[in-house]
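Working notes, structure below.
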Amino acid sequence: MLDTQLQCLAPDGQIKNLKTVIVMDADKTLATESTGSQLWEIVDNRKSDPGTDSEEGTLKRIFGTKMEYSYIAFKQAVLRYEEADVFEETCQLVADKISVYEDVKKMLCIDTKGGDIIPAFVFTSGNRRVWEIVIEKYQLAHRVKVIGSNRIADNFVLTHLVKEALVKHLETTHNIYVWAFGGCHVDLGMLKMASQAVVVVGEDGMKEHLIPAISRGLYARQLLPTSSTKPLKFGKSGAKVPNVQKGVDKVPTQGVQNMSTDGWRLQDEGKTLIMALLRGGESMAMGIHDALPKAMFRHARDDDKAKENMFNGGTTSTVVLVASEISTGMRVMEAAAKIRDRQAFVRIVIVAGVIYENFTSEKNYRILSGMGDISMIALRCSPNKYIGRGKMNTADRLYGTTHIKEKI
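Read left to right, the sequence shown gives residues 1 to 408 (the UniProt record's numbering).
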């Protein structure tokens, strides 16, 4: 189903021509309204013995049990659609009440620099037909497709796990860069799987679900759908805010009048490991060590067992990988992957004198983005494509050993 819809949206019908795709949850992401609540309120009120209200009606009876948001629960909801005598009419009534956020609508209308549309998918665990009508109402059907459950004949139920699998399929099978938007806590798995994640702020209690997700490696932007929506804030509270000094530790130091006073140093400096990737990056790595004298220093080629011990017992909180230049990025990504295998939550900072165009590809960006807490600092970005060999090898030029290469 997904690939068929992809082909419809792709330039010239060729999926291989797609570079970027937007994926969005429906309820609480495209609009403030909950289509599920409204749909079942209408259905329940049409019954001879309706629930007292939507909270005590069908939704509460299905998702308020131990089944929660499981496949079985959504399957039950799909089965109940069959009981609705006027299914299409009910979907139309609900869709008429839905107002898509203005900023979201504008975003979905953006084209690429080449004039091609940026395809978008609405992944809904609710009723697909409602959102198809909404998309048609806003004249977006030529660029937005809806994937979701409908009636039992479709033989398809979309759970949060299926959403994750679909995002992974887009990225791994088709090498597509995915921007995922979600406004509900059950979307967090899909957001973590995406190349770029955006949380649409609005759901009550979202923050308490985000905190553990962030600790497990989720990096997400925030989208404030209305001017009155306040951004989610983490790690700060009330009167303590003025006292927060992010990234530094307080240490006692000697004042000019021979009195003790407060000084500041880099946070966890003693738990920082500086690693020179190759000989060419050694001088820069030593310069960083001069600025952080309490940090540890090793070469990337050093004994793996010794380096592994440095990650045991929480002795290392940050690893600084230093290279004079990064061309294809193969070595730096291999080094970062090995570090991440040893320690899932250690902060990785890549420092380079220059990075070349070979390295600045979407594929490399996507690989690094999937490695958790990782960032990069470069003194210069060169548009050239360069791989140093022979006399042009950086380490040999820096340390006067080009003649040795010639003799070899």
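Glycine is no exception: its CB is placed at the ideal position from the N, C-alpha and C atoms.
Keep in mind that this is a model prediction, so the values were computed, not measured.
Between the beta-carbon of residue 281 and that of residue 337 there is about 18 Å, and that puts the pair past the 8 Å contact cut. Taking C-beta atoms as the reference points, residue 170 and residue 182 fail to come closer than 9 Å. Residue environment for residue 379: exposed (fewer than 16 other C-beta atoms within 10 angstroms of its C-beta).
In the DSSP assignment, residue 292 falls outside any beta strand (DSSP E) and carries neither an H nor an E. For residue 145, the enclosing beta strand (DSSP E) starts and ends at 144-149.
When Cβ pairs closer than 8 Å are counted between the two stretches, the stretch 158-165 is seen to touch the stretch 118-127, the count reaching three or more. The distance from the Cβ of residue 121 to that of residue 23 is about 5 Å, consistent with a contact at the 8 Å cut-off.
Distances from the alpha-carbon of residue 342 to those of 331, 327, 250 and 317 put 317 closest. For residue 2, same chain residues with a beta-carbon under 8 Å away, outside a window of 5 residues either side, are 121, 147, 166, 169 and 170 in chain order. With respect to the 9 Å criterion, residue 250 and residue 262 are classified as neighbours on the basis of their beta carbons. Going by DSSP, residue 14 is part of no alpha helix (DSSP H) at all; its letter is neither H nor E. Taking each of 172, 368, 140 and 119 in turn and checking the Cα distance to residue 334, the smallest one comes out for 368.
Around the beta-carbon of residue 135, 16 or more other beta-carbon atoms lie within 10 Å, marking it buried. Taking the Cα of residue 225 as reference, the smallest distance to any Cα among 33, 288, 11 and 96 is reached at 33. Judged by DSSP in its simplified three-state form, residue 222 adopts strand. When the Cα atoms are used, residue 116 and residue 11 turn out to be separated by approximately 7 Å. Here residue 87 is not near residue 143, since their CB atoms are 9 Å or more apart.
Judged by beta-carbon spacing, residue 348 lies beyond the 9 Å limit of residue 326, meaning their Cβ atoms are not closer than that value.
For residue 232, the CB contacts under 8 Å within the same chain, skipping 5 residues up- and downstream, are 199, 201, 206, 207, 210 and 222 in chain order. Taking residue 133 as the centre and dropping the five residues before and after it, the same chain places the C-beta of 91, 92 and 95 closer than 7 Å to its C-beta, in chain order. Bounds of any beta strand (DSSP E) do not take in residue 87; it lies within the alpha helix (DSSP H) bounded by 87-96. Residue burial annotation: residue 145 is buried, with at least 16 other C-beta atoms found within 10 angstroms of its C-beta. Linking residue 109 to residue 278 through their CA atoms gives a straight-line distance of about 47 Å.
Residue 320 is positioned such that its CB atom lies no closer than 9 Å to that of residue 355. If you look at residue 364, you'll find it in the alpha helix (DSSP H) that goes 362-369. Rounded to the nearest whole angstrom, the CA to CA distance from residue 212 to residue 189 is 12 Å. The residues 271, in chain order, have a CB closer than 7 Å to that of residue 315 in the same chain once the five nearest residues on each side in sequence are set aside.
Taking C-alpha positions only, residue 29 is separated from residue 14 by approximately 29 Å.
Shortest Cα-Cα distance from residue 25 to any of 173, 38 and 197 involves 197. Between residue 384 and residue 362, the C-beta gap is not smaller than 9 Å, which leaves the two residues out of contact. Straight across, the Cα-Cα distance linking residue 300 with residue 174 is about 34 Å.
Here residue 352 is not near residue 371, since their CB atoms are 9 Å or more apart.
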